[in-house]
Amino acid sequence: MNTPIEPPFRLGVLPVTPLQQNCSILVCARTGRAAVVDPGGDVEDIVRGIGEMKAQPEAIWLTHGHFDHVGGAAELAERYGIPVIGPHRDDDWLLAEVEEQGRLFGVPGGRNVTPDRWLAEGDTVSFGEVTFAVRHCPGHTPGHVLFIHEDARLGLFGDVLFRGAIGRTDFPRSDHEALLRGIREKILTLPDDLAFVPGHGPMSTVGEERRTNPFL
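Here numbering that gives the first Met the number 0 is used: the first residue of the sequence shown is 0, the next is one more, and so on.
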């Protein structure tokens, strides 16, 4: 009889800000150490979620530089004394304009943030005993990255791919062709049963989007 393999981590997804951006909390099953991904705002709600999951934050990971994904990163990093990791350096200009972005979209309260570590294609990031691969996937923003744990069949795709949609490319320095190329080369090469958390909305799988997403 096959013994089920215990997942290496637990996942909590908390929509934050009026834009309902998915902040993910990943907790190592063995150590309780955690990564908080894209804490866009509503920091007190994120702190409460961390407590409910009995997690010990170790790092903050950012998929890209838009304010609704990073607005709470500086405050959360100060509160827990942890580093901010990612995105790719090509989003540095966005991270320097978080406060201005928020004002333009009517969502104040976010803070500009400077990462402790930039990410690039082929890097890895870890929390506890868990390691995710990093893939650089520009298009929505030039510095967008994906976080992928292929063995556990989970990806954190930010605003690259959604259930039934793809990321917007009508922003400054967006690139529609680069986005589609990145999806083809960095996502559609993954297993069909790999589930992913998008930046907004419900989770899906690579296979479901390959079959049904009208933009692909």
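C-beta atoms are modelled at their ideal positions from N, C-alpha and C, and glycine is treated no differently. Here the structure is a predicted model, which means the values were calculated and not measured.
Per DSSP, the unbroken beta strand (DSSP E) holding Arg-116 starts and ends at 116-118. DSSP links Gln-55 through a beta bridge to Arg-32. Distances from the CA of Val-124 to each of Glu-57, Glu-77, Val-159, His-68 were compared; the closest alpha carbon is that of Glu-57.
The stretch 67-77 and the stretch 20-38 touch, with three or more beta-carbon pairs separated by less than 8 Å. In this structure, DSSP gives Ile-49 a helical state, which the three-state scheme calls helix. Around Phe-66, the same chain offers Val-97, Gln-100, Gly-101, Gly-109 as residues with beta carbons nearer than 6 Å, after the five sequence neighbours per side are excluded.
Taking the Cα positions, Asp-122 is about 35 Å away from Gly-105. The beta carbon of Arg-9 sits closer than 7 Å to those of Val-26, Ala-28, Met-52, all from its chain and outside the five residues before and after it, given in chain order. Residue burial is scored here from C-beta neighbours: Gln-20 has at least 16 other C-beta atoms within 10 angstroms and is therefore classed as buried.
DSSP, read as helix, strand or coil, puts Leu-75 in helix. Secondary structure at Leu-179: helix, using DSSP grouped into helix, strand and coil. For His-143, the secondary structure class from DSSP, reduced to helix, strand or coil, is coil.
In terms of Cβ geometry, Arg-172 and Pro-197 do not form a close pair [threshold 8 Å].
For Leu-93, the enclosing alpha helix (DSSP H) begins and ends at 91-94.
Going by DSSP, Thr-211 is part of the alpha helix (DSSP H) stretching over 205-211.
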